[in-house]
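Comments concern the structure below.
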Amino acid sequence: MTSPSSLDERRTLWIVLLLNAAIAAGFFATGLIADSSALIANGVDNLSDTAVYALSLVALSHGPTWKTRAAMASSIMLLIFAAGILLDVGRRFIQGSEPIGPTMMVMSAVAGVVNYVCLRLLQRLKNPDVNLRAATTFSFNDFISNGGILVAGALVLWLGKNWPDLVVGLATALIAIKGGIEILRDARAETGTKEKSA
4 MTSPSSLDER RTLWIVLLLN AAIAAGFFAT GLIADSSALI ANGVDNLSDT
54 AVYALSLVAL SHGPTWKTRA AMASSIMLLI FAAGILLDVG RRFIQGSEPI
104 GPTMMVMSAV AGVVNYVCLR LLQRLKNPDV NLRAATTFSF NDFISNGGIL
154 VAGALVLWLG KNWPDLVVGL ATALIAIKGG IEILRDARAE TGTKEKSA
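Our numbering applies: residue 4 is where the sequence shown begins, and numbers increase by one.
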């Protein structure tokens with residue numbers, strides 16, 4: 004029989020999965036329209052988050068070992084995504100870009116509200132396992148990145164330059180790298196604890 008806490012976790016993960024899928028689509032659309040590295044970077048980020056939440060959902064019905072492996076897969080996915088952003092920022096730095104500040108600001112504000120809701124929903128869960136802690140890390144990273152895009156959009160609008168957009172794209176990649184490493188360490192620590200208790 005499924006416990007109430009497990010049902011609550013499953014319901015929460017479904018909500019944040021669907022919200023992140025919607026935000027990813029919004030980031031991609033506005034990123035292409037606004038020629039923004041920061042928006043596209045966050046679209047990729049939210050898309051990878053959606054995959055992570057899907058993994059977390061599957062992990063709920065499996066044992067602790069599977070959950071730890073799912074968290075490790077999440078961290079590797081996040082690091083790969085970060086590498087892709089770095090390449091995109093480098094390309095735009097060399098080839099140039101013309102980001103649209105107001106579009107960046109509006110999209111980041113909408114995404115910030117959605118990611119804050121996701122973060123609060125995940126933080127309400129009691130005794131989260133390694134996979135749910137990973138999901139919380141992803142939502143926190145997204146919320147911070149949204150604030151960066153808002154500032155970058157204002158600077159792009161004010162200065163008429165593309166470098167604030169590129170800086171936020173770079174910062175998003177660095178935040179993703181940090182988050183990926185933290186999740187990997189958490190998963191390894193969980194594995195070490197299980198091995199000692201075995």
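We put the CB at the ideal spot given by N, CA and C, even for glycine.
Please work out which residues of its chain come closer than 6 Å, Cβ to Cβ, to residue i, disregarding the five sequence neighbours upstream and downstream, and give them in chain order.
{"i": "Ile103", "result": "Ala37"}
{"i": "Ala44", "result": "Ile88, Gly172 and Thr175"}
{"i": "Met80", "result": "Ser51"}
Which residue's Cα is closest to the Cα of residue i: the options?
{"i": "Ser148", "options": "Arg94, Phe30 and Arg14", "result": "Phe30"}
{"i": "Lys217", "options": "Arg72, Ile178, Phe96 and Gly34", "result": "Absent from the model: residue 217. The displayed extent of the chain is 4 to 201, so no value can be given."}
{"i": "Ala192", "options": "Thr68, Gly150 and Val116", "result": "Thr68"}
{"i": "Leu35", "options": "Met75, Ser78 and Met110", "result": "Met110"}
{"i": "Val113", "options": "Arg123, Asp91 and Gly150", "result": "Gly150"}
{"i": "Gly115", "options": "Phe143, Thr53 and Ile178", "result": "Phe143"}
Near residue i, which residues of its chain fall below 7 Å by C-beta distance, leaving aside the five closest residues on each side in sequence?
{"i": "Leu82", "result": "Ile180 and Gly183"}
{"i": "Asn49", "result": "Asn23, Ile26, Ala27, Phe30 and Asp145"}
{"i": "Leu158", "result": "Pro167"}
{"i": "Met108", "result": "Leu153, Gly156 and Ala157"}
Applying the 10 Å Cβ sphere with the 16-neighbour rule, what's the burial state of residue i?
{"i": "Val19", "result": "buried"}
{"i": "Val47", "result": "buried"}
{"i": "Ala62", "result": "buried"}
Output needed for residue i: all residues of its chain with C-beta closer than 8 Å, excluding positions within five of it in sequence on either side, in chain order.
{"i": "Val92", "result": "Ser40, Ala44, Leu169, Gly172, Leu173 and Ala176"}
Does the ligand SAH have even one heavy atom less than 6 Å from the beta-carbon of residue i?
{"i": "Met107", "result": "Absence of the ligand SAH is noted for the structure shown, with no ligands found whatsoever."}
For the 8 Å Cβ check, are there 3 or more pairs between the region 57 to 66 and the region 146 to 155? No, they do not touch.
Check whether the region 120 to 139 touches the region 181 to 192, counting contact only when three or more Cβ pairs, one atom from each stretch, lie closer than 8 Å. Touching, per the Cβ criterion.
Indicate whether the contact test is met: 3 or more Cβ pairs, each with one atom in the region 116 to 128 and one in the region 12 to 20, closer than 8 Å. Between the region 116 to 128 and the region 12 to 20, the count of C-beta pairs closer than 8 Å reaches three or more; the two stretches touch.
Give the list of continuous beta strand (DSSP E) stretches no shorter than 3 residues that lie fully inside the region 81 to 146. DSSP runs (the beta strand (DSSP E)) wholly in the region 81 to 146: none.
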